[in-house]
Amino acid sequence: MPTRSLFVLFAMLIAVGCSPNANTEQSAAPPTATTTEESPVVEAVPDNDASQTLFTNVRVWDGTSDGLTDTTNVLVVDNLIHSIGPDVSGGDDAAVIDGGGRTLMPGLISSHVHLTHTLVDGGIPGLNAMTWEDIGAVATASAKEYLMMGFTTVRDMGGMADGFKRAIDKGLIEGPRVYPAGAYIAQTSGHGDLRMRGQPNAQLTGIQYSNLERLGIIRIADGVPNVLTAVRENFANGAVYIKLHAGGGISSEKDPLHTIQYTIEELRAADVATRNWDTYFTVHAYTTPTVNLALDAGAQAIDHGQMVDENTIKRMAKQGTFLTSNLSGMSEGLLAHPLYGNPANPQYIKTKAFMAASKNFADWVKEHDVKWSFGDDMVLSTQVQFRQLVDHEKWYAGELFGNHFALKGMTSTPGQLAQLTGQTNPYPGTLGVIEEGAYADILVVDGNPLEDLAAIGAYGGWFDAEPRSQNVENIKLIMKDGKIYKNTL
Ligand SMILES: [Zn+2]
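Each residue of the sequence shown is one higher than the one before, starting from 7 at the first, in this note's numbering.
In structure tokens form, the structure reads like this:
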């Protein structure tokens, strides 16, 4: 859901029926590559001992083009795409998968997730009551959910160090590649200040009363020295880029939406510290003043930004700023919710104000060709709500931007965003495209996603959507890093 700003929005939205983790779903079929009877001739395969998977009879969407290729073959060797073409074949031991004329495309990327508290019960108080066991369990379940929805990479925008990522990379648990931001960094009373009301400030008392601070989910830092320490502490814990909160949220308690958070000096300090690490920082910011403040300070990425004016959109386009926005909070569908759709509630007023301020956002982003990336920002939800939201978010991206632009925002554009992590990049290869040499993060789907996003599980319903299992029917095969995690072909 929307996010930290909207984050709370959704958070509450979500609080409506929570009983997380009824992990009873059937998981997708285990990895099973079909082996072929006939052994194609080896052509230009460098290492016959390498693990090979040959996809035949597929039409490729490469992550950027506005159409599919004719039927062709794709050879994966180890964890990379080795070659693409109708005459491409594999070695004697290659596993051959007949795509049956289906679409082969890049694995999806969600550039704004929170693995540690996607599936948390009880809203903000529930979040504050989490133990490390809760966090590990929730993150494990969330990671599997994302992978089964076709996301082979996620950008974790706050709330985890890299321990969880390493467990995935080692193959101990199943999940996408993770780019962790580390703890939320926020000023006192900022959007990431998720302390319970009345908990003293550790910067004043020297004692961390907040469970979320102790667990490293949030880091409250005021002033240049403390911001520098917070940024560097996140790096010490495995963050590969940094997220700060530069503006207010929609239904948060301590930070009205109009507020500007952090000074230019504090943000510049974060800019220097991240550039020194050869990476970048992004900010949570919705409004024209907050987004421009961050850009003035050197931000190369913005998260949210739906309430900015057209000049700010043009500025981001001109500077090549990466913009990640969750969209469903702009959807009239939200008004079907009893909390946000009831004019008697204050949240209704804020929701309507947000919708009004963001009504031209998508048109401007597309017109000025901003480097936009998909992010679902789901937090504090049940499994059912999680799936409903992400399916809706995929669909709504297509409604607002058209399927081609939306799909680029789920693949090649965030693949470029990943490159901003420079020498800090934990996955330094090419992500988000189907091309020779890129990571073998691959989906095989039923249908042409450029024509209908249902091919990747998009669905126009939302709260009223029929609860589904973990299996997204039209996503037939999921491969990450050359390994198959689902195959129902
Ligand atoms: Zn968020």
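Each residue gets a CB set at the ideal place from its N, CA and C atoms; glycine is no exception.
Computed from a predicted structure; not experimentally measured.
Taken atom to atom, the span from the alpha-carbon of Phe411 to that of Ala424 is near 18 Å. In the structure shown, Phe411 adopts helical secondary structure according to DSSP, grouped into three states. Fewer than three beta-carbon pairs drawn from the segment 396-415 and the segment 353-363 are found closer than 8 Å, and the two stretches are therefore not classed as touching. When secondary structure is reduced to three states using DSSP, Asp309 falls in the strand class.
Not a single heavy atom of ligand 1 lies less than 7 Å from the C-beta of Asp261. Restricted to the segment 403-486, the alpha helix (DSSP H) segments that are unbroken, complete and at least 4 residues in length are 409-414 and 418-425, listed in chain order.
Taking one beta carbon from each stretch, the segment 203-218 and the segment 242-256 have fewer than 3 pairs nearer than 8 Å; the two do not touch.
A direct Cα-Cα distance of roughly 33 Å separates Glu272 from Thr436. Membership of Lys176 in any beta strand (DSSP E) is not indicated, and neither H nor E is assigned to it by DSSP. Taking the CA atoms as reference points, Ala236 sits about 48 Å from Gly105. The residues Thr294, in chain order, have a CB closer than 8 Å to that of Asp315 in the same chain once the five nearest residues on each side in sequence are set aside. Exclusion of the five residues before and after Gly428 leaves Asp284 and Thr285 as the residues of its chain whose Cβ lies within less than 6 Å of its Cβ.
The three-state secondary structure of Asn366, taken from DSSP, is coil. Annotation for Asn243: Ala167 and Gly188 place their beta carbon closer than 6 Å to its own, counting only its chain and skipping 5 residues before and after.
According to DSSP, Ala323 shares a beta bridge with no other residue.
Under the three-pair Cβ rule at 8 Å, the segment 147-155 does not count as touching the segment 92-107. Just so you know, the alpha carbons of Ala362 and Asp228 end up roughly 33 Å apart. Membership of Arg220 in the alpha helix (DSSP H) is indicated by the continuous run Asn217 to Arg220. For Met163, the Cβ falls inside the 7 Å cut-off from some heavy atom of ligand 1.
With a threshold of 7 Å, the Cβ atom of Asp383 counts as near ligand 1, since some heavy atom of the ligand is closer than that. Per DSSP, the continuous alpha helix (DSSP H) segment holding Asn240 begins and ends at Gly229 to Ala242. Remark: the C-beta of His123 is outside contact range of ligand 1, defined as less than 7 Å to any heavy atom.
Boundaries of the beta strand (DSSP E) around Val80: Thr77 to Val83. If you check the C-beta of His197 against ligand 1, you find no heavy atom less than 7 Å away.
Counting only the Cα atoms, Ala143 lies some 43 Å from Asp76. Apart from the 5 residues on each side of it in sequence, Tyr268 sits with its Cβ closer than 7 Å to the Cβ of Gln193, Leu250 and Ala252 in its chain, given in chain order. As the crow flies, the alpha-carbon of Glu139 is around 28 Å from that of Val478. DSSP places Ser331 in the uninterrupted beta strand (DSSP E) bounded by Phe328 to Ser331. For the set Ile440, Tyr445 and Gln306, the Cα lying nearest the Cα of Pro434 is the one of Tyr445. Within the DSSP bridge table, the entry for Thr62 names Asp104 as partners. Look at Ala145 here: in three-state DSSP terms it is helix. In this model, Trp378 and Asn493 are separated by some 30 Å (Cα to Cα). Distances from the CB of His88 to the heavy atoms of ligand 1 are all 7 Å or more.
DSSP places Leu114 in the uninterrupted beta strand (DSSP E) bounded by Leu114 to Val119. With a threshold of 16 other beta carbon atoms within 10 Å, Lys324 falls short and is exposed. Taking 8 Å as the cut-off, the Cβ atoms of Gly381 and His118 count as close.
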